[in-house]
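Numbered per mature numbering (1 follows the signal peptide of the UniProt record, and there is no 0), the sequence shown spans residues -17 to -1, 1 to 475. The beta carbon of each residue, even a glycine, is placed where N, CA and C say it ideally should be. Each remark here refers to the structure printed beneath this line.
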Amino acid sequence: MALYILGVISFALPGLSIPIATNAAGKGIAWTNCDASRGLAPNLQCANMTLPIDWEAPGSSNTFNLAMVKLPRSSNSSGKGLGPLFVNPGGPGGAAVAFVSAIARGMARVSPEILENFDIIGVDPRGVGESTRIICDPAIWNERASQFPTTKEDYDRLVSKNERLGESCLNMTGPLFNYVDTISAARDHEAVRLALGTEMNWLGLSYGSQLGAQYAQLFPDNIRTMVLDGIVQHSQSEASNILIETTAYSVALQKFFDWANTDDSSPLKGQNAEQLWYDILRNATETPIPVPSCENPESCFQDVTEDEIRLNAQGALISSKESSRLTLANALINASQGDARPFAPGRANEGDPSMYAGLAIGCQDWSVESTAFDVLQAKMRLGEVFAPLTKGASQSWTLQASCMGWPAPRRNPPAKLDVKTKEPILLVNSLRDPSTSYTWAVGMLGEIQNSVLLTRNGDGHTSWGKNGSTSEAINHYLITKELPAPGTVLDN
């Protein structure tokens, strides 16, 4: 996600009495050194588990492979340690195996105290990464269909693409395609925890917050510590989700414009960055902006539409680093001069199925209740009126547009949680997160009873690993179980 998101309906998660991986409990996990050919960091250990595709039929012969890695706590550690710390980088569709590998290589900021106290565990959720993957037809994926259709013909083209893409995923993936919802993924993580024989320590970033919250609903007494950072609320209405996320995106974009107009390091200083944004969008509406700097036509599209610019600029605001602001400023300058490469959507190809899992998971958690053209038009009007900078563009919009006609069942429909854990949970969010709105974080205080919200008065998506006081507070809680005081606001 960076991703994110719906009504206030009483809801009981299905199948709470189903046994979890009784064949794995107590048997441990056979960790081995990772095969060098996999390209992972050399100090990682790898393991796999065979789990049921359908947890409501755990004895079925339909199974899949769940892949995981462990970064053992640092060699200079003393004492017993605090056991495993499960991490999930978000998505949906983010690969935890690759994330832990990046941590092991020093590419992600992790404090020495965390590395000394925990084995870092990354489990690729079902359908993702090194686990059994979702596979779809890249030719259908690469078809251009506007997510903001203004005519019935464009709308029919979008729904047709969604239907055919989903059918291709089902045919190419097999039975797993219908079972990649977040509840099933939470049960998979519990199977791993049982096999390890320890309490759950969880650090969930972005979509990883939804995975963690649904785990807490299912297994509230098995948690030692849980951090949900960059929070997704899975209980708002479809219209509310669009407004909540697109207005958060708009706030972050406006903050960028203010920086771009006034900061000495900005290549747009003294100009009107917001007007430049509108000019680029107007030009792209009239004629898609070309992408001459894309040297490989197989890797990106050759032009970019207005909708694609609005959708893809959100990702440029995920990082709060100045280098990211400079990248976006230069991207706007280049687009105004006829090269919109940074805004071009990526193309899928035969050898890399990594794009597909996020949509498959999202459509089982967030698929739309009404697929009528007039309903989609009403949602478009919401964005135009209340968020004119972004006009509804957001990951929430992408899911709602892309899941119309999707053939998989909605196994994990949006609903309000009622989490009552033995140990308290730490919620974390920045005020100006462009993806997971602070609104969702405040809403989750009412869904997780034993929780505290730590606020970062800053920009960008998620807070852990930024080496500021917020990250220090997260680390302190994970190690000591001591929470910051309710209402705490930190500046970095």
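Cβ-based neighbour list, residue i, same chain, cut-off 7 Å, excluding 5 preceding and 5 following
i: glycine 76; result: Val111, Ala340, Gly341 and Ile344
i: serine 350; result: Cys386, Trp389 and Arg393
i: histidine 459; result: Glu465
i: serine 276; result: Asp322 and Arg324
i: tyrosine -14; result: The predicted position of tyrosine -14 is uncertain, since its pLDDT is 29 and thus under 50; no value can be drawn from it.
i: asparagine 48; result: Asn31, Thr33, Ser114 and Thr115
i: asparagine 395; result: Asp164, Thr165, Ile166, Gln347 and Asp348
i: threonine 445; result: Leu188, Ser189, Asp212 and Gly213
i: threonine 5; result: Here threonine 5 scores only 39 on pLDDT, less than 50, and its place in the model should not be relied on; the value that follows carries that caveat. Excluding sequence neighbours, threonine 5 sits near nothing in its chain.
i: glutamate 305; result: Ser248
i: aspartate 37; result: Ser43, Asn45 and Tyr162
i: threonine 463; result: none
i: proline -4; result: Below a pLDDT of 50, predicted positions are generally treated as unreliable, and proline -4, at 30, falls in that range; the measurement from the model is reported next regardless. If we look at proline -4 and ignore the five residues flanking it on each side, it has no Cβ neighbours.
i: asparagine 125; result: Arg330 and Ala331
Residue closest to residue i, alpha-carbon to alpha-carbon, out of the options
i: threonine 268; options: Leu436, Ser282, Glu289 and Asp442; result: Glu289
i: valine 411; options: Leu179, Ser452, Gly64 and Gly253; result: Ser452
i: tryptophan 14; options: Pro25, Asn31, Ser20 and Ala24; result: Asn31
i: threonine 115; options: Met155, Trp447 and Pro396; result: Met155
i: serine 337; options: Gly62, Ala91, Cys119 and Ile103; result: Cys119
i: leucine 264; options: Phe239, Asn295 and Asn279; result: Asn295
i: proline 121; options: Pro469, Ser44, Leu382 and Glu333; result: Glu333
i: glycine 426; options: Gly448, Ala231, Ser303 and Leu400; result: Leu400
i: arginine 293; options: Ala196, Ser282, Ala318 and Lys449; result: Ala318
i: serine 223; options: Ala391, Lys362, Gln432 and Gly443; result: Lys362
i: serine 434; options: Val402, Val358 and Trp447; result: Val402
i: asparagine 450; options: Asp335, Ala91, Arg127 and Leu148; result: Ala91
i: alanine 391; options: Ser454, Ala398 and Gly149; result: Gly149
i: asparagine 205; options: Glu406, Gly448 and Gly470; result: Glu406
i: leucine 359; options: Pro25, Gly62, Arg127 and Tyr138; result: Tyr138
i: aspartate 262; options: Gly11, Pro250 and Ile316; result: Ile316
i: alanine 50; options: Leu153, Ser61 and Asp171; result: Asp171
i: lysine 63; options: Pro25, Lys135, Thr181 and Arg140; result: Thr181
i: alanine 468; options: Asp442, Leu436, Asp474 and Gly443; result: Leu436
i: proline 158; options: Pro397, Thr270, Glu291 and Arg109; result: Arg109
i: threonine 404; options: Gln200, Ser61 and Glu39; result: Gln200
i: glutamate 136; options: Phe356, Ile301, Pro25 and Glu291; result: Phe356
i: aspartate 474; options: Tyr421, Gly448 and Ser413; result: Ser413
Bridge partner(s) assigned by DSSP for residue i
i: arginine 415; result: Asp442
i: leucine 116; result: The residue you asked about is not leucine; residue 116 is arginine in the sequence shown. Note: arginine 116 sits in a beta bridge opposite Gly110.
i: tryptophan 185; result: Phe69 and Met209
i: threonine 15; result: Cys29
i: aspartate 335; result: Asn332
i: isoleucine 103; result: Leu54 and Leu68
i: valine 435; result: Leu409
i: proline 35; result: Thr46
i: aspartate 286; result: Pro273
i: leucine 473; result: Arg439
i: valine 402; result: Ile431
Nonlocal neighbours in the same chain, by C-beta distance under 6 Å from residue i, ignoring five residues either side
i: proline 41; result: Pro35
i: threonine 354; result: Met387
i: alanine 78; result: Asp107, Val111 and Gly112
i: glycine 366; result: Thr229, Lys374 and Gly375
i: valine 472; result: Thr438 and Asn440
i: valine 83; result: Val52, Leu54, Ile103 and Gly105
i: serine 94; result: Asn458
i: serine 233; result: Ala370, Leu372 and Thr373
i: cysteine 17; result: Leu23, Leu27 and Cys29
i: leucine 461; result: Thr208
i: alanine 85; result: Ala91
Rounded Cβ spacing between residue i and residue j (contact assumed at less than 8 Å)
i: isoleucine 408; j: leucine 211; result: 7 Å
i: arginine 415; j: alanine 235; result: 5 Å
i: glutamate 430; j: serine 189; result: Their Cβ separation, rounded to whole angstroms, is 17 Å, which puts glutamate 430 and serine 189 out of contact at 8 Å.
i: leucine 65; j: asparagine 184; result: 7 Å
i: tyrosine 198; j: alanine 243; result: Tyrosine 198 to alanine 243, Cβ: 40 Å. No contact.
i: alanine 81; j: leucine 27; result: Wrong, their Cβ atoms sit about 11 Å apart, outside the cutoff.
i: leucine 311; j: phenylalanine 239; result: 6 Å
i: glycine 191; j: proline 67; result: Between proline 67 and glycine 191 the Cβ distance is about 15 Å, and since that is not below 8 Å, they are no contact.
i: leucine 186; j: valine 70; result: 5 Å
i: serine 151; j: isoleucine 117; result: With a Cβ gap of about 11 Å, serine 151 and isoleucine 117 do not count as contacting.
i: isoleucine 272; j: asparagine 266; result: 7 Å
Same chain, Cβ closer than 8 Å to residue i, neighbours up to 5 away in sequence not counted
i: arginine 21; result: Cys29 and Glu113
i: glycine 329; result: Ser282, Cys283 and Met338
i: lysine 252; result: Ala243, Asn244, Thr245 and Asp246
i: alanine 299; result: Ser307, Thr310, Leu311, Ala314 and Pro325
i: valine 274; result: Cys283, Phe284, Gln285, Asp286, Val287, Asp322, Ala323, Arg324 and Ala327
i: isoleucine 225; result: Lys362, Leu365, Gly366, Gly375, Ser377, Ser379, Trp380 and Gln383
Contact test: residue i Cβ vs the ligand NAP heavy atom, cutoff 6 Å
i: leucine 359; result: Within the structure as shown, the ligand NAP is missing, as the structure has no ligands at all.
Are there three or more Cβ pairs, one per stretch, closer than 8 Å when the region 167 to 184 is compared with the region 134 to 146?
-> Cβ pair count under 8 Å is below three, so no.
Assess, as a yes-or-no matter, whether the region 90 to 103 is touched by the region 120 to 131 under the definition of 3 or more beta carbon pairs within less than 8 Å.
-> Pairwise C-beta distances place the region 120 to 131 out of contact with the region 90 to 103, as fewer than three of them are shorter than 8 Å.
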